[in-house]
Amino acid sequence: MPAFSAVVTGDAWRAEAESWVADVVARRGHEVTSVAQPRVRPWSTQLAVETTGGRLWFKAGCAAMTFEPGLQTLLARLVPHEVDGPVAAAPDRGWMLTVDRGSTLADSHEPVLDDWVSVLRTWARLQRHVAQHADEAQDTGLPDRAPQGTADRFGAMLDRLATLPPGHPARLADDVAARLREAYPVVERASGTLGAGPFPTSLQHGDLHPGNVFVVDGDLRVFDFGDAQWAHPLETLMVPRAVVEHDGQVPWEPVQAAFLAEWDVPLDAGALDELLRAAAVTHAVNRSSSWWDALGEASDAEWADWGEAPARHLARVLDEVARDQA
Numbered sequence: 017m018p019a020f021s022a023v024v025t026g027d028a029w030r031a032e033a034e035s036w037v038a039d040v041v042a043r044r045g046h047e048v049t050s051v052a053q054p055r056v057r058p059w060s061t062q063l064a065v066e067t068t069g070g071r072l073w074f075k076a077g078c079a080a081m082t083f084e085p086g087l088q089t090l091l092a093r094l095v096p097h098e099v100d101g102p103v104a105a106a107p108d109r110g111w112m113l114t115v116d117r118g119s120t121l122a123d124s125h126e127p128v129l130d131d132w133v134s135v136l137r138t139w140a141r142l143q144r145h146v147a148q149h150a151d152e153a154q155d156t157g158l159p160d161r162a163p164q165g166t167a168d169r170f171g172a173m174l175d176r177l178a179t180l181p182p183g184h185p186a187r188l189a190d191d192v193a194a195r196l197r198e199a200y201p202v203v204e205r206a207s208g209t210l211g212a213g214p215f216p217t218s219l220q221h222g223d224l225h226p227g228n229v230f231v232v233d234g235d236l237r238v239f240d241f242g243d244a245q246w247a248h249p250l251e252t253l254m255v256p257r258a259v260v261e262h263d264g265q266v267p268w269e270p271v272q273a274a275f276l277a278e279w280d281v282p283l284d285a286g287a288l289d290e291l292l293r294a295a296a297v298t299h300a301v302n303r304s305s306s307w308w309d310a311l312g313e314a315s316d317a318e319w320a321d322w323g324e325a326p327a328r329h330l331a332r333v334l335d336e337v338a339r340d341q342a
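Here is the structure:
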């Protein structure tokens with residue numbers, strides 16, 4: 017099969033996508049004036065669509081991400097103040113068209129503490145509401161990465177990556193694979209800790225940061241759900257924490273505290289630390305799985321560029337082993 021990126025840059029696919037877009041725009045009483053393709057990745061592509069009624073954005077995802085249009089449509093119904101509804105969606109194709117909201121929160125200025133606090137509070141409120149709609153969320157095709165199945169996913173990813181041919185970008189080094197096999201009890205313990213904890217499973221964005229948030233009439237609107245999963249809520253904190261700590265401009269603790277305050281789950285410091293450490297482990301497994309799925313239609317060149325990610329994320333399970341040994 018040709019790579020996703022080759023398909024979506026081909027004349028036939030572009031003609032079909034642009035025809036669909038033109039029909040949608042015409043039904044809105046406008047015309048398309050130009051279409052550009054500013055972004056192509058192994059897992060998704062975007063078209064910038066200029067129309068007589070303003071700019072729209074078309075997004076198409078690879079097979080592993082066809083759930084995104086249906087998920088965003090559902091979220092816009094459940095939490096309309098936090099998520100924009102698509103102008104149009106074709107979930108069977110993984111296509112959707114959305115309104116251009118201008119600059120993201122990150123593009124408008126360098127995010128400060130208040131921005132990060134607002135983003136995490138907004139997401140926590142969304143999670144609490146969406147947690148009550150598990151069946152609807154998973155009916156969109158959203159990947160189920162709940163804590164209870166983490167050990168099985170870990171074993172499957174470990175076997176998959178350890179047995180790839182030598183030279184494959186995602187192949188685990190033999191010594192890393194051996195250490196990960198010894199870490200299986202750590203993953204089982206993390207899974208059990210989260211499953212027995214006070215948080216319900218809910219929507220995990222997968223890539224939450226101010227670059228995936230717009231400000232609309234004073235409200236934050238979250239977008240880009242291609243990495244989303246049905247997982248433990250605390251996993252949401254892992255990407256923001258990594259970004260904040262890497263940038264070093266904003267203290268992390270008040271950001272995390274704002275998120276937890278919205279959940280309003282009473283926890284002492286020891287219990288919270290145990291849950292966060294467990295979430296770091298399950299997040300490593302789930303992130304590895306997401307990367308593997310996202311590269312399912314990648315070309316050889318794209319595997320060379322991106323293919324180390326599944327192994328790198330899975331190996332982060334060993335960070336928890338190191339903490340236990342410290």
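Sequential numbering from 17 applies to the sequence shown in our numbering. We put the beta carbon where it would ideally sit given N, CA and C, even for glycine. This one's a predicted model, so the numbers in the text were calculated from it and none came from an experiment.
### Task
Reducing DSSP to helix, strand and coil, say where Gln154 ends up.
Against the sequence shown, residue 154 aligns to sequence position 138. In this structure, Gln154 counts as helix in the three-state DSSP scheme.
### Task
Could you say which of Pro107, Ala105, Gln88 lies nearest to Ala98 if we only look at CA atoms?
The residue labelled residue 98 in the question sits at position 82 within the sequence shown. Per the sequence shown, the amino acid found at residue 98 is Glu instead of Ala. When each option's Cα is compared against that of Glu98, the closest is Gln88.
### Query
Could you give the residue range of the beta strand (DSSP E) that holds Trp246?
Taking the first residue of the sequence shown as position 1, residue 246 is located at position 230. Here the beta strand (DSSP E) through Trp246 covers 245-247.
### Task
Would you mind listing the beta strand (DSSP E) stretches within the stretch 71-143 that are 3+ residues and don't spill past its ends, in chain order?
104-106, 111-115
### Task
State the Cα-Cα distance for the pair Arg44 and Leu72, rounded to the nearest angstrom.
Within the sequence shown, the letter at position 28 stands for residue 44. Within the sequence shown, the letter at position 56 stands for residue 72. So the two alpha carbons sit approximately 12 Å from each other.
#### Entry: alpha helix (DSSP H) segment containing Gln272, residue limits
Along the sequence shown, one-based indexing puts residue 272 at 256. Start and end: 268-279.
### Query
From Leu158 to Pro182, what does the alpha carbon distance come to, in whole angstroms?
Indexing the sequence shown from 1 puts residue 158 at position 142. Indexing the sequence shown from 1 puts residue 182 at position 166. Using only the alpha carbons, I get a separation of about 32 Å.
### Task
Just confirm the distance between the C-beta atoms of Thr138 and Val238, as a whole number of angstroms; I'd bet it's less than 8 Å.
Position 122 of the sequence shown, counted from the first residue, corresponds to residue 138. Position 222 of the sequence shown, counted from the first residue, corresponds to residue 238. The Cβ separation is near 7 Å, so the contact holds.
### Whole-Å CB distance - Val95 paired with Val23, under 8 Å assumed
On the sequence shown, position 79 is the one that residue 95 refers to. On the sequence shown, position 7 is the one that residue 23 refers to. Wrong, their Cβ atoms sit about 33 Å apart, outside the cutoff.
### Message
Is the separation between the beta-carbon of Ser304 and that of Leu276 shorter than 7 Å?
### Response
Within the sequence shown, residue 304 is the residue found at index 288, counting from 1. Within the sequence shown, residue 276 is the residue found at index 260, counting from 1. Result no, Cβ atoms of Ser304 and Leu276 do not sit closer than 7 Å.
### Query
If you drop the 5 nearest sequence neighbours on each side, which residues of the same chain put their C-beta closer than 7 Å to that of Thr68?
As a working mapping, residue 68 is identified with position 52 in the sequence shown. Same-chain partners within the cutoff: His46, Glu47, Thr49.
### Message
Among the candidates Val115, Ala92, Leu91, whose CA atom is the shortest distance from the CA of Gln62?
### Response
Taking the sequence shown and counting its residues from 1, one reaches residue 62 at position 46. Out of Val115, Ala92, Leu91, Val115 has the C-alpha closest to the C-alpha of Gln62.
### Query
Less than 7 Å separating the beta-carbons of Val301 and Ala199?
Position 285 of the sequence shown, counted from the first residue, corresponds to residue 301. Position 183 of the sequence shown, counted from the first residue, corresponds to residue 199. No, Cβ-Cβ distance for Val301 and Ala199 is not below 7 Å.
### Task
Check the DSSP bridge columns for Phe230 and list the partner residues they point to.
Reading the sequence shown from its first residue, position 214 is the one you call residue 230. Paired residues: Arg237.
### Task
Could you say if the stretch 249-261 and the stretch 188-207 meet the contact criterion of at least three C-beta pairs nearer than 8 Å?
no
### Query
Looking only at C-alpha atoms, which of Ala178, Asn228, Ser35 sits nearest to Ser119?
Start at 1 with the first residue of the sequence shown, and residue 119 comes out as number 103. The shortest Cα separation from Ser119 among Ala178, Asn228, Ser35 belongs to Asn228.
### Query
Assuming Pro256 contacts His225 under a Cβ cut-off of 8 Å, what Cβ separation, rounded to an integer in Å, is found between them?
Within the sequence shown, numbered from 1, the residue matching residue 256 stands at position 240. Within the sequence shown, numbered from 1, the residue matching residue 225 stands at position 209. That pair is a contact at about 6 Å.
### Query
With distances taken between CB atoms, is the gap from Phe230 to Glu84 smaller than 7 Å?
The count along the sequence shown starts at 1 and reaches residue 230 at position 214. The count along the sequence shown starts at 1 and reaches residue 84 at position 68. Cβ atoms of Phe230 and Glu84: not closer than 7 Å.
### Query
What's the C-alpha gap between Ala122 and Ala189?
The count along the sequence shown starts at 1 and reaches residue 122 at position 106. The count along the sequence shown starts at 1 and reaches residue 189 at position 173. Their Cα atoms are separated by approximately 37 Å.
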